[in-house]
Amino acid sequence: MEVTSIHGNCILSPLRFSSHRPLSVLSRVSVSARRNPSLAFNYHSIRRRNLCSASSSDTLVAGKDEKPKNREVVSKKGEGEVEDLKSWMHKNGLPPCKVLLKERPSHDEKHSPIHYVAASEDLQVGDVAYSVPNSLVVTLERVLGNETIAELLTTNKLSELACLALYLMYEKKQGKKSFWYPYIRELDRQRGRGQLAVESPLLWSEAELAYLTGSPMKAEVIGRAGGIKREYNELDTVWFMAGSLFQQYPYDIPTEAFSFEIFKQAFVAVQSCVVHLQKVSLARRFALVPLGPPLLAYRSNCKAMLTAVDGAVQLVVDRPYKAGESIVVWCGPQPNSKLLLNYGFVDEDNSYDRLIVEAALNTEDPQYQEKRMVAQRNGKLSVQVFHVYVGKEKEAVADMLPYLRLGYVSDPSEMQSVISSQGPICPVSPCMERAVLDQLADYFKKRLAAYPTTLGEDESLLADSTLNPKKRVATQLVKLEKKMLHACLRATVDLINQLPDDTVSPCPAPYAPLLK
1 MEVTSIHGNC ILSPLRFSSH RPLSVLSRVS VSARRNPSLA FNYHSIRRRN
51 LCSASSSDTL VAGKDEKPKN REVVSKKGEG EVEDLKSWMH KNGLPPCKVL
101 LKERPSHDEK HSPIHYVAAS EDLQVGDVAY SVPNSLVVTL ERVLGNETIA
151 ELLTTNKLSE LACLALYLMY EKKQGKKSFW YPYIRELDRQ RGRGQLAVES
201 PLLWSEAELA YLTGSPMKAE VIGRAGGIKR EYNELDTVWF MAGSLFQQYP
251 YDIPTEAFSF EIFKQAFVAV QSCVVHLQKV SLARRFALVP LGPPLLAYRS
301 NCKAMLTAVD GAVQLVVDRP YKAGESIVVW CGPQPNSKLL LNYGFVDEDN
351 SYDRLIVEAA LNTEDPQYQE KRMVAQRNGK LSVQVFHVYV GKEKEAVADM
401 LPYLRLGYVS DPSEMQSVIS SQGPICPVSP CMERAVLDQL ADYFKKRLAA
451 YPTTLGEDES LLADSTLNPK KRVATQLVKL EKKMLHACLR ATVDLINQLP
501 DDTVSPCPAP YAPLLK
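Under UniProt numbering, the first residue of the sequence shown carries the number 1, and numbering increases by one thereafter.
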């Protein structure tokens with residue numbers, strides 16, 4: 001792309017169930033209900049009968065006000081019939097492995113300690129820490145069976161996470177009769193907490209969400225919670241249309257057996273521990289792996305991953321470990337906002353951390369269609385999302401400038417010149433460049449002003465060892481966001497200072513691009 005501007009371009013896993021079966025046993029019944037009104041009548045009849053018989057089953061993740069109970073310690077003596085997770089796994093096919101379960105205290109004395117996977121012996125790079133057989137891995141293939149997966153997922157009503165959460169809630173109702181009881185019990189004690197003992201902001205109170213004031217994360221949490229609510233509202237429909245669910249739990253209509261709060265807590269628990277397997281079928285890509293997260297700690301600079309191999313899910317370590325050290329795995333290329341939302345932690349060394357800047361051409365602009373065409377020709381959209389990666393803020397600003405300059409073109413003859421050129425050749429006057437840079441600088445200042453604290457105040461808060469863990473991770477997040485915004489602002493101000501004449505007033509811009 002040719003350039004005539006001052007600063008660059010113008011544009012631009014067989015299961016050993018005890019008494020239950022996979023949920024797809026009678027999938028033939030499923031979609032017939034759509035065509036048979038009598039089935040629908042039966043559904044509503046069951047609903048009426050069930051009004052007084054909804055399950056009192058505990059939530060998959062203990063509620064916020066629940067008093068601690070049945071808090072077993074791994075390998076605790078005298079538990080009688082209660083097995084710890086690893087013993088149960090060995091009994092059901094887990095081969096000898098090189099890990100053990102350890103615990104660290106929770107920040108809240110009312111809650112059980114956090115369990116985590118540690119090396120049971122010294123490990124070297126490339127060692128197989130463990131290999132969990134598919135018979136101990138929960139996937140949609142195991143839960144629903146191949147016949148009904150397409151039916152459920154193509155309804156666009158339930159996500160894979162919601163299906164897994166619903167399945168585990170039903171399994172929990174069976175108590176110790178469920179094959180998965182030891183695993184569900186472990187998920188319960190973890191309470192959807194990551195290794196920092198912090199729950200996802202999806203389970204925070206309004207007062208706790210206020211810790212995120214100024215961050216886009218707050219709106220993201222509210223949006224995700226709304227999505228979970230919509231999935232909950234569809235549970236009954238999907239339950240009835242899936243013949244297997246109807247057959248196995250004929251009187252347990254989901255929204256009557258489980259409140260929205262229970263479903264949300266179960267959803268968050270599954271979200272915190274689900275593993276995304278690579279190079280497997282759609283039905284197996286989301287997996288719940290005992291000895292996987294949240295018992296494994298996530299690290300952004302780690303390359304070890306849980307991998308599907310023949311008949312198992314395997315963990316090969318990417319670094320040496322001493323016996324007793326916590327084992328870490330890669331969490332994928334996720335920004336800190338996703339790490340906090342999904343797993344309840346923030347990684348200060350996360351090279352994948354990023355912010356989003358959304359720019360849009362002004363639809364009131366008489367030349368909007370022409371500008372939209374030029375933007376598309378250069379790989380941009382009329383509403384364009386720019387990613388600002390940590391450490392690459394200067395490059396991100398440079399990437400935004402050509403798009404913003406296009407929005408400032410007002411003279412029709414100049415617009416024709418841009419349209420007819422092979423590349424985005426925009427005549428950029430000093431006053432236009434100043435207007436573009438001023439708008440961008442004001443945008444970054446406005447975003448920084450939306451936070452109630454400064455960077456210095458954040459550092460002071462984090463120095464307090466008694467700081468509430470939820471406030472700590474929230475403060476870590478907003479601090480890192482502010483650092484990226486400050487770096488963007490510095491890069492913009494540096495460009496302003498490089499202008500030939502910094503006394504030039506910005507050009508008027510009746511149809512300036514929109515930034516948010």
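Every residue gets a Cβ at the ideal spot worked out from N, C-alpha and C, and that includes glycine.
Candidates the options: which alpha carbon is nearest residue i's?
i, options, result
"LYS445", "LEU489, ARG434, ALA225", "LEU489"
"ALA441", "VAL473, LYS394, PRO294", "LYS394"
"VAL329", "LYS470, SER135, LEU315", "LEU315"
"ASP127", "VAL143, CYS97, GLU103", "CYS97"
"SER159", "ILE114, GLN271, VAL117", "GLN271"
"LEU455", "LEU480, SER465, ALA474, ARG224", "LEU480"
"VAL436", "GLY93, ALA304, ALA509", "ALA509"
"VAL493", "SER417, GLN439, CYS507, VAL418", "GLN439"
"SER326", "PRO513, TYR298, LEU467", "TYR298"
"PRO506", "SER178, VAL132, TYR408, SER205", "TYR408"
"VAL385", "HIS486, GLU103, LEU515", "LEU515"
"VAL309", "PRO95, SER131, SER421, LEU94", "SER131"
"GLU364", "GLU103, SER410, LEU94, LEU485", "SER410"
"VAL143", "LEU467, TRP180, PRO95", "TRP180"
"GLU103", "THR139, TYR167, PRO294", "PRO294"
"HIS387", "GLN367, LEU406, PRO335, HIS276", "PRO335"
Expressed to the nearest angstrom, what Euclidean distance is found between the alpha-carbon atoms of residue i and residue j?
i, j, result
"GLN124", "LEU101", "19 Å"
"TYR511", "LEU448", "25 Å"
"SER32", "TRP239", "In this prediction, SER32 has a pLDDT of 37, which is less than 50 and means its spatial position is unreliable; what the coordinates show is noted afterwards. Computed Cα separation, rounded: 13 Å."
"ASP318", "LEU306", "11 Å"
"MET415", "PRO430", "18 Å"
"MET432", "LEU401", "11 Å"
"ALA398", "PRO333", "23 Å"
"SER413", "LEU282", "53 Å"
"PHE258", "ASP188", "16 Å"
"THR237", "LYS338", "30 Å"
"ILE496", "ARG434", "7 Å"
"MET169", "LEU209", "27 Å"
"VAL313", "LEU361", "48 Å"
"GLN278", "CYS302", "17 Å"
"CYS163", "TYR232", "10 Å"
"VAL428", "PHE263", "56 Å"
"VAL221", "GLU206", "11 Å"
"ASP122", "LYS86", "19 Å"
"GLN476", "LEU462", "8 Å"
"ASN92", "LEU235", "32 Å"
"GLU457", "ILE419", "49 Å"
"GLY227", "LEU296", "27 Å"
"HIS90", "THR255", "36 Å"
"LYS176", "GLU83", "11 Å"
"ALA219", "LYS172", "32 Å"
"TYR443", "ALA396", "14 Å"
"ARG377", "VAL473", "42 Å"
"ASP252", "SER112", "30 Å"
"MET484", "PRO105", "34 Å"
"HIS276", "THR503", "55 Å"
Is the Cβ-Cβ distance between residue i and residue j less than 8 Å?
i, j, result
"SER300", "CYS331", "yes"
"VAL374", "GLU358", "no"
"ASP200", "LEU341", "The sequence shown places Ser at residue 200, rather than the Asp named in the question. In this structure, LEU341 lies closer than 8 Å to SER200 by Cβ."
"ALA323", "ALA450", "no"
"GLU186", "ARG284", "no"
"VAL280", "VAL137", "no"
"VAL478", "LEU212", "yes"
"ALA129", "ALA266", "no"
"LEU404", "PRO513", "yes"
"GLN174", "HIS115", "no"
"GLY214", "PRO500", "no"
"residue 529", "LYS470", "Because residue 529 is not part of the residues shown, which for the chain are 1 to 516, the question remains open."
"PRO182", "TRP88", "yes"
Thinking residue i and residue j are a contact (beta carbons under 8 Å), I'd like their distance in whole angstroms, please.
i, j, result
"ALA287", "VAL268", "Between VAL268 and ALA287 the Cβ distance is about 17 Å, and since that is not below 8 Å, they are no contact."
"LEU202", "ARG230", "Incorrect: roughly 14 Å between the Cβ atoms, too far for contact."
"VAL99", "LEU291", "7 Å"
"VAL390", "ASP353", "4 Å"
"GLY344", "VAL198", "4 Å"
Would you say residue i faces chain B, with C-beta separation under 8 Å as the test?
i, result
"PRO469", "Absent from the structure is chain B; it holds one protein chain and no more."
Is residue i near the ligand NAP, with its Cβ less than 7 Å from a heavy atom?
i, result
"LEU85", "Ligands are entirely absent from the displayed structure, and the ligand NAP is therefore not among its contents."
**Asked** Which runs of the beta strand (DSSP E), 3 residues or longer, sit entirely within the region 373-408?
**Response** 383-389
**Asked** Could you give the uninterrupted runs of the alpha helix (DSSP H) lying entirely in the region 449-496, keeping only those of 4 residues or more?
**Response** 455-462
**Message:** Ignoring anything shorter than 3 residues, give me the beta strand (DSSP E) runs that lie fully in the region 283-330, in order along the chain.
**Reply:** 286-288, 297-299, 306-309, 312-316, 328-330
**Request:** Counting only runs of 3+ residues fully inside the region 100-127, write out the beta strand (DSSP E) ranges in chain order.
**Result:** 114-119
**Request:** Mind listing, in chain order, the continuous alpha helix (DSSP H) runs of no fewer than 4 residues lying wholly within the region 165-239?
**Result:** 181-190, 206-209, 216-233
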